[in-house]
Structures are given as structure tokens and as C-alpha cells.
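What follows is a single structure, written as C-alpha cells, with notes after it.
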Amino acid sequence: MLFPRYTKLLLLVCLFVFDKIECNHDHCPIILSRRQWRAEGATQVFYQIIPIDKIILIWHDSDTCRVSFECRKVVKNLQLDHIYKFMMPDIAFNFLIDDNGFVYEGTGWYRRGFHTTGHNRNSLGISFIGSNNFGK
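Note that the sequence shown covers residues -23 to -1, 1 to 113 in mature numbering (1 follows the signal peptide of the UniProt record, and there is no 0).
Spelled out as C-alpha cells, the structure:
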């Protein structure tokens, strides 16, 4: 089940991907760049084939974070696990969304993610991070 605060965000992401709307500061989510969460450089880059035809939503059961610096740390640790533990070229997801609704750029719009075996081409992988305890 999607919660109302994420429904609007996901719709916005979908529309932005297909260039249906222009975004202004009042209606766009805050997207933290790789630089802002201090991402490592990718060991290899695979460019995305545009246009995409799928958006894949993934729930990553990770540490819950309540404040910005904790959430950045969770995203950074995910990337380090993906690169050094699972031998991926970068963080697996194109974008990540934390419990507060902030969006983190993973591989981004134009680089392929590594989120769903057999479905990484022509898709965006968006991961929700946290404990999945909304409203509790």
C-alpha cells in the first residue's frame, strides 16, 4: 500500500520522466544529489536507454532514519555495500526515498541501475528506505 505523501511524489516522478510537466520549487520534491550525500564514484557506468518503459518500486528494509545526516549515512552505507560487498559498479537504485519523503539521487536519470535482474534496461528503480512503519 502506498501512503498519500508518497503517491504524489511518485506521480510527480513518473510525469517528470515522461516530460509532461515543468517543475517549480513549490511542487517538486527535494532531490539530494550524489555530491550532497557524498557518493563514491561508480566503478563502471552503463548509460540508460531512453525512453524508459518501466518504473520499478522496491522496498529496502534498512535502518530507519529521522534526520538528514542519518539518512545520508544510510544511503552512503547502501552504496558501499553494493560496491564492495555485492561487487556492483554503483548503488543499485536510480533514486531512493527516505521516511521523511526526501529523494536521493542514486544512479540518476541517465545511468542504468542494478536493482532488478532482467529488468534494468529501460527502467528506473526507485527504492524506499527505512523500516516500513509509516503511521505507527
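Note that CB positions come from ideal geometry on N, CA and C, so glycine has one too. Given the structure is predicted, the values throughout are model-derived calculations rather than measurements.
Give me the Cα-Cα distance between residue i and residue j, rounded to the nearest whole angstrom.
{"i": "E47", "j": "N54", "result": "11 Å"}
{"i": "A75", "j": "K50", "result": "First, the amino acid is wrong: residue 75 is Asp here, not Ala. The alpha-carbon atoms of D75 and K50 are separated by roughly 11 Å."}
{"i": "S45", "j": "R12", "result": "14 Å"}
{"i": "N71", "j": "W86", "result": "7 Å"}
{"i": "Y61", "j": "N99", "result": "25 Å"}
{"i": "residue 120", "j": "I8", "result": "Absent from the model: residue 120. The displayed extent of the chain is -23 to 113, so no value can be given."}
Are there any heavy atoms of the ligand PLP lying less than 8 Å away from the beta-carbon of residue i, as far as the coordinates show?
{"i": "T94", "result": "Here there are no bound small molecules, and the ligand PLP is not part of this structure."}
What is the DSSP secondary structure of residue i, reduced to helix, strand or coil?
{"i": "S100", "result": "strand"}
{"i": "H37", "result": "strand"}
{"i": "Y61", "result": "helix"}
{"i": "E17", "result": "coil"}
{"i": "F105", "result": "strand"}
{"i": "V80", "result": "strand"}
{"i": "R88", "result": "strand"}
Since residue i is in the beta strand (DSSP E), which residue starts that stretch and which ends it?
{"i": "I74", "result": "F72 to I74"}
*Is the region 38 to 45 in contact with the region 92 to 108, if contact means three or more CB pairs nearer than 8 Å?*
yes
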